Amino acid sequence: MGIWLLNTFTTLALAGLLGGGAVLAAVVGALVVRRGFPHHVNGTHNEMIGVVLGMYAAIYGIILAFVVVAEWEGLNAAETNVALEASQTAEVLRDASAFPADQERRVTNAVGAYVRVVVDEQWPLMRAGEPDPGITNPEVTALYQAFQEYEPQTEAEKTYYAQSVSTLGEIAGARRTRLSDAQQSLPSLLNILVYGGALVMLPLTLLYGIRSLRANLMFVVSVAALIGVSLLLCLTLDHPFSGDLAVSPTPFKEGVLAQFWP
């Protein structure tokens, strides 16, 4: 559901959907409470409600902070890993210039095929949260075979050969991490705490009695807007390869890898 929302609506539209929805619910709820329980505006139970609301807000705030920080670190880690995989792939391509022309051409073709499949075929599936490792398996196999079937002759070739083979292992590791990151999401328990907590937090604000209608609406609207923005932040950071803040495949199109793109 979260991935569908991120890929269907812009961040601005989601802000209106979550933030605007929370604000609308708060306003309607406040008016219903004032009309249905007119004595409630006297604030008879405000002292008790204030203590409960403050305690709950503190706990909920800590949970939100933990979730946002964890998701932000996950997004940064995914971006770093993609940049690392792209730079390692480019390194293999640069090292291939130390080999004879036929071998260099074979490595270049294998690298180009891998890069194009990653960006054109695997990335859309990652954006949908359904990465398929099998899509790039033939290209990875071809890249390994380009080295397995070649015997370096000179000392320079042997040095670059060993370095390239080592880098291939690092590329494979970065690829596995990238595919794993594409399936990243909050555990079910944290989802319940984040979204379920919002459903409890908002009604609590409606129980706080304020005589002035304007002041009451300002209170519930400000809390609802904060909750809506927090939920939006949690949603947009939850899936590193989906939505407007998604990790970009641009590193696979830069530097020496740019030769594979028109």
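Quick note on the working numbering: the sequence shown kicks off at 23 and runs consecutively. The beta carbon of each residue, even a glycine, is placed where N, CA and C say it ideally should be. Bear in mind the structure is a predicted one, so any value in this text is a computation, not a measurement.
- CA-to-CA, the gap between A120 and I25 works out to about 44 angstroms.
- Taking a C-beta distance under 8 angstroms as the contact criterion, L226 and L75 qualify as a contact pair.
- Apart from the 5 residues on each side of it in sequence, F169 sits with its Cβ closer than 8 angstroms to the Cβ of V129, Y183, S186, V187 and L190 in its chain, given in chain order.
- Taking every protein chain shown into account, the CB of D260 has 16 or more other CB atoms within 10 angstroms, so this residue is buried.
- A Cβ-Cβ separation of about 16 angstroms leaves A237 out of contact with V45 under the 8 angstroms criterion.
- Look at R233 here: in three-state DSSP terms it is coil, with no helix or strand label.
- By the neighbour-count criterion, in which 16 or more other beta carbons inside 10 Å mark a residue as buried, G265 falls on the buried side.
- Under the three-state reduction of DSSP, V45 is assigned to helix.
- Q110 carries a helical assignment under DSSP once its states are collapsed to helix, strand and coil.
- Between L27 and L257, the C-beta gap is smaller than 8 angstroms, which places the two residues in contact.
- For V137, the enclosing alpha helix (DSSP H) starts and ends at A123 to V139.
- Of Y172, G42, I193 and G151, the smallest CA-CA separation from N159 is found for I193.
- For D203, the uninterrupted alpha helix (DSSP H) run begins and ends at E177 to D203, by DSSP.
- The criterion of a C-beta distance shorter than 8 angstroms is satisfied by V63 and R56.
- Rounded to whole angstroms, the gap between the alpha carbons of R233 and A47 is 20 angstroms.
- V251 is positioned such that its CB atom lies no closer than 8 angstroms to that of V49.
- Counting other Cβ atoms within 10 Å of its Cβ, G219 reaches 16 or more and is therefore classed as buried.
- Counting only residues of its own chain and dropping the five nearest sequence neighbours on each side, L267 has a CB closer than 6 angstroms to the CB of T258.
- Cβ-Cβ distances below 8 angstroms link N29 to R149, A150, S264 and G265 in the same chain, with the five nearest sequence neighbours on each side left out; the list follows chain order.
- A residue is called buried when at least 16 other Cβ atoms come within 10 angstroms of its Cβ; R200 meets this threshold and is buried.
- Between T272 and the set M77, L34 and D142, the nearest pair of CA atoms involves D142.
- When C-alpha distances from D117 are compared across P174, L212 and D203, the shortest belongs to P174.
- No residue range can be given for S207, since it is assigned to no alpha helix (DSSP H) and is classified by DSSP as neither H nor E.
- Separation of the CB atoms of R138 and F282 is rounded to 6 angstroms, and the pair is thereby assigned contact status at 8 angstroms.
- E107 is the residue among M240, L212, E69 and E107 whose C-alpha sits nearest the C-alpha of K275.
- In the three-state reduction of the DSSP assignment, M70 falls in the helix class.
- Sorting Q144, E161 and Y136 by C-alpha distance to the C-alpha of D154 places Q144 at the top.
- Each residue's CA atom was taken as its position, placing E152 and P146 some 9 angstroms apart.
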